[in-house]
Structure formats: structure tokens, C-alpha cells
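Data first, discussion second: the structure below is written as C-alpha cells.
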Amino acid sequence: MKNNQKLSLGIDCGGTNLKVALVKPGGEIFKWTLAPINFKQKEERALRDIAKAVLTFLKKNEVTQVERVGMGIAGDVDQVEGVVRFSPNLGWKNVRVSAPLCQALGMPVILDNDANCAAWGAYCLDAKRNCQNLLCLTLGTGVGGGVILGRKLYRGSTGSAGEFGHMSIQFNGRKCKCGNLGCLESMLGAWGLTLSAEEGMDRGLSPELLRLTANGKKKITPKLIARAAHRKDAFAVALWQESGEHLGAALANLVNLFNPDRIVLCGGVSKVGKLLLDPTRRELAKRAFLVPAKHVRLTISQYDERLGVVGAALLASQ
Ligand SMILES: [Zn+2]
């Protein structure tokens, strides 16, 4: 059996899947795997399944010892105590994660919010640690965020910093899952986008979406809304335009607040590319202060699928 002290282990805990990877110090993935985990069962059981999946993975790759283990989970996380305070995705409330996993694996487990892990991944992979200040926004089902300030992950006073998805963008806008009104996520998260698309379709504004969903029988996804826009559906084009403007306004707030060197976007919704990015750039330039807006480099991550798991591993070995 090999005893590779140089590798760190990253665990990215999604809603249904566990992504596990052995990561080299430079951020390259040595081996990785996906394991299905049932989060509908009791938390202790899910944690036992996670430990089992990790140990099986390590055994298969003949690795007995790693430097550190880092784990990212969507939700509000107490990094110091290793507790998930609340995770709507997993349905967890005040669940101790680090201690039982540490016991089962025989290794210390560092826990963090998944968007923080993704931000650290973007800092290491997209920016090659080559800047001081970086913001990362994960545009998935929800909208997450992470803040790197002075080459360090900034967590805030209670570990909750960087919730960019829950900035108020529309004063009296749609009710968000967090309880607030008009959050960025309620419009730009995949759930908000599809809700807007459904509303448009119900009002007969989008013949193309109606066709693409077989008269509403197929589920609307951001990908389908993008396809409708590429087919010049006026409603879908306008929806992306408006979404880009919302994102641009949010980024203008962030640029004025943090004056970052880079902003990296990742997650499924970022994959629509120019449809979203063009209006975003325009709005950002229009709203933010001139010098910081010119300075910041806004890109879509080139390492999307691995940001969370690599970030978790490298953050743990900090
Ligand atoms: Zn919210």
C-alpha cells in the first residue's frame, strides 16, 4: 500500500452525489470518483455512507494516508466546529460532520461552505494564485459566492460571508428561498430563471419555449431558455438580457465594495456564455466606478466541474 503524504482529499457534497478526489499540491486531480448518497435517510446514516464511499475510493487507489481532508457542503457552515448549521439542499439542521467523519476516516476533516471551496478552487486553478483579491460566483440552482481577500479566503465573523446570491437587487421582487425579497438568486438562480420562463410561457409570450418543452410537458432548464434565445425567441432573448443586467448590477456593487482583481463565474447558468455575459459586462461598466471596473477581469471558469472538489482539498491543506 502506498502512503502518499503529498495528496489531499477533496469531498464535494452535492444534493444527490458525492464527488471525491485525490488532489496534488498544485491542484491537479490524481484520481476522482462520484458516489451516490441518499440524503433522505437519517444524517448519521448518510455520514456513514460518505465515510464508506471515501474509504472504498482510497482503498481502490491504494492510498492509505493523505495530508488533509476537506469537504464542501451547500449551506451555512460552522467551519470552526465542523457543523452544518443549515443546509436546505440536504435538509440538514445543526449536524456535526467533521467529528464523526474524522473518527470514521482516521484523518482530520476540514468542513466549509461549497461556494467557499469553489472560490478557493477558482483562485488556485483559474487565477493560478496570481492575484490578491478574487470573487467567485457559482451560478447553479442557487447563486453562491466566495471572497478571496489578500490571497486568503474571507469568511466573515460567523463564517457566513460571500452570500452574493442573497444581495437585494429588486426592492420588492420575488420571494427568495431565504425569506428575503428580490435576491439575485430569485432571478438568476436556475430555479428563479425557470420560474420567470414559466411565467412568460403561461402568458403566451414564448412560442419557442412552448415548442421546446412540447407544450409545457418537458421541464424548462436554463439550457432550453438559451436554446430558445438562440432561435431568436424575443421573450427568451429579453430574459437573458434582463438577467445579465441584474448580474451586472450585482457585480457593480461587488466591484465598488471589494475592488477585486478578478471575478470568476462558474456553475451551469454561466455556461450560456455571451447571452448572459454581454449584458452583464455592459451593466457593470455602466454602474461601477471607472478605475475598479476597468481593472477587474471578469471570466467564466475553465475548470468548472472540479472547482469545488479541488478547492475543498487545497483549502484543507492551507
Ligand atoms: Zn435570498
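Residue numbers (this note's numbering): 32 to 349.
We put the beta carbon where it would ideally sit given N, CA and C, even for glycine.
query: In or out: Thr-87 buried (at least 16 other Cβ within 10 Å) or exposed?; result: exposed
query: Confirm, please, whether the CB-CB distance from Ala-257 to Ser-237 is below 8 Å.; result: no
query: With Gly-223 as the anchor, note down where its alpha helix (DSSP H) starts and where it stops.; result: 221-233
query: Would you check if the distance between the CB atom of Asp-145 and the CB atom of Ile-104 is smaller than 8 Å?; result: yes
query: Taking 5 Å as the limit, name every residue whose beta carbon sits nearer than that to some heavy atom of ligand 1, in sequence order.; result: His-197, Cys-207, Cys-209, Asn-211 and Cys-214
query: Given 8 Å as the limit, is there contact between the segment 217-224 and the segment 134-150, that is, 3 or more CB pairs closer than that?; result: no
query: Between which two residues does the alpha helix (DSSP H) holding Gly-152 run?; result: 145-156
query: Excluding sequence positions up to five away, which residues of its chain have a Cβ less than 8 Å from the Cβ of Val-128?; result: Leu-78, Met-102, Ile-104, Gly-113, Val-114, Val-115, Val-140 and Leu-142
query: Run through DSSP, which three-state label would Arg-186 get?; result: coil
query: Assuming the contact rule is C-beta atoms closer than 8 Å, Cys-167 and Cys-44 should be a hit. Round their C-beta distance to whole Å, please.; result: Cys-167 to Cys-44, Cβ: 18 Å. No contact.
query: Mind checking Lys-90: buried by the 16 CB within 10 Å criterion, or exposed?; result: exposed
query: Within its chain, find whatever has a CB closer than 8 Å to the CB of Arg-160; leave out the 5 residues flanking it on each side and keep chain order.; result: Tyr-154 and Arg-182
query: Specify whether the segment 242-262 and the segment 204-215 touch according to this definition: at least 3 beta carbon pairs, one from each stretch, less than 8 Å apart.; result: no
query: Comparing alpha-carbon positions, which option in Met-198, Gly-196, Gln-201 and Val-178 lies nearest Gly-190?; result: Val-178
query: Note the first and the last residue of the continuous alpha helix (DSSP H) segment covering Cys-133.; result: 129-136
query: What's the C-alpha gap between Ala-158 and Glu-336?; result: 16 Å
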